[in-house]
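FYI, my numbering numbers position 2 of the sequence shown as 196, with every residue one higher than the one before it.
Cβ coordinates follow ideal geometry from the N, Cα and C atoms, glycine included.
Everything numeric in this text was worked out from a predicted model, so none of it was measured.
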Amino acid sequence: MRESRPETGGRLLRTVVLVGMMGAGKTAIGTALSARLGVPFEDSDAEIEAASSLAITEIFERYGEAFFRDKEAQVIARLLEGPPCVLSTGGGAWIAPETRALLSARAAVVWLKADLDLLWARVRHKDTRPLLRTENPRATLAELLAARTPAYEEAEFVIETRPDWSITRTTDAVLARLTAAGIVETS
Ligand code: S3P
Numbered sequence: 195m196r197e198s199r200p201e202t203g204g205r206l207l208r209t210v211v212l213v214g215m216m217g218a219g220k221t222a223i224g225t226a227l228s229a230r231l232g233v234p235f236e237d238s239d240a241e242i243e244a245a246s247s248l249a250i251t252e253i254f255e256r257y258g259e260a261f262f263r264d265k266e267a268q269v270i271a272r273l274l275e276g277p278p279c280v281l282s283t284g285g286g287a288w289i290a291p292e293t294r295a296l297l298s299a300r301a302a303v304v305w306l307k308a309d310l311d312l313l314w315a316r317v318r319h320k321d322t323r324p325l326l327r328t329e330n331p332r333a334t335l336a337e338l339l340a341a342r343t344p345a346y347e348e349a350e351f352v353i354e355t356r357p358d359w360s361i362t363r364t365t366d367a368v369l370a371r372l373t374a375a376g377i378v379e380t381s
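Below, the structure is given as structure tokens:
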């Protein structure tokens with residue numbers, strides 16, 4: 195459904211891109227946000243998996259991270275060509291300078307900011323993140339968070355996610371910021 199739904203979230207004027215670490219909730223919040231706005235939800239990881247018929251872990255194993263990053267940049271550039279949508283990106287996508295420049299120029303970028311404890315609580319039981327297949331995945335996550343935070347801080351919008359916040363509450367916070375900035379039109 196593409197028409198305006200002011201009774202729920204309003205009309206989206208630009209693609210909204212969610213960036214942030216693994217476990218920040220980009221897919222969950224993106225899905226909820228797209229439903230509220232009545233626009234498609236896109237997920238760069240899911241697109242890469244569908245295009246290659248491989249899971250992200252297999253892509254990393256077979257072809258390496260550099261190959262994955264190339265595909266990620268291509269998929270994101272393609273998804274930005276379409277009409278406004280909500281796009282969730284893999285945690286490393288925003289770190290590539292070219293992708294960052296493209297996203298900044300073409301979309302409203304929201305960093306879902308979460309602290310290490312919350313991120314770790316969400317990813318620790320999953321085996322789907324190749325970058326965390328290390329001897330000490332919590333330390334690896336901490337290193338990635340520290341290394342990437344300066345880049346994430348460049349996002350146009352920052353929304354802090356908290357462990358006790360429901361998906362609805364965090365989605366409300368994103369929607370409120372986008373509406374205040376005129377990226378979602380309610381009238
Ligand atoms: C990555 C995050 C993953 C996925 C890949 C690499 C990263 O996506 O793109 O495993 O570099 O942080 P999520 O952020 O959705 O877990």
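Looking only at Met216, Gly224, Gly217, the smallest Cα-Cα distance to Arg363 is reached by Gly224.
Collapsing the DSSP output to three states places Val317 in a helix. No heavy atom of the ligand S3P is found nearer than 8 Å to the CB of Leu281. Assigned with DSSP and collapsed to three states, Ser298 falls in helix. Residues of the same chain with a CB within less than 7 Å of the CB of Phe254, apart from the 5 flanking positions on each side, are Phe262, Pro324 in chain order. When DSSP states are grouped into helix, strand and coil, Trp305 belongs to the strand group. Taking C-beta atoms as the reference points, Val211 and Val352 fail to come closer than 9 Å. Spatial neighbours of Thr221 in its own chain (CB-CB distance under 8 Å, excluding positions within 5 residues in sequence) are listed in chain order as Asp237, Ser282. Ser247 counts as exposed, since fewer than 16 other beta carbons sit within 10 angstroms of its beta carbon.
Listed as beta-bridge partners of Asp237 by DSSP are Ser282. Secondary structure note for Ile270: its alpha helix (DSSP H) is the uninterrupted segment 259 to 275. Within 8 Å of the C-beta of Arg323 there is at least one heavy atom belonging to the ligand S3P. Glu337 and Leu273 have their alpha carbons spaced roughly 30 Å apart.
Leu231 carries a helical assignment under DSSP once its states are collapsed to helix, strand and coil. Partner residues in the beta bridge of Phe351, as assigned by DSSP, are Val304. Straight-line measurement puts the Cα of Ala333 at about 25 Å from the Cα of Ala349. If you draw a straight line from the Cα of Arg356 to the Cα of Trp305, it is about 13 Å long. Annotated as distal: Val317 and Gly204, with beta-carbon spacing of 9 Å or more. Judged by DSSP in its simplified three-state form, Arg256 adopts helix. Bounds of the alpha helix (DSSP H) holding Leu339 are 331 to 346.
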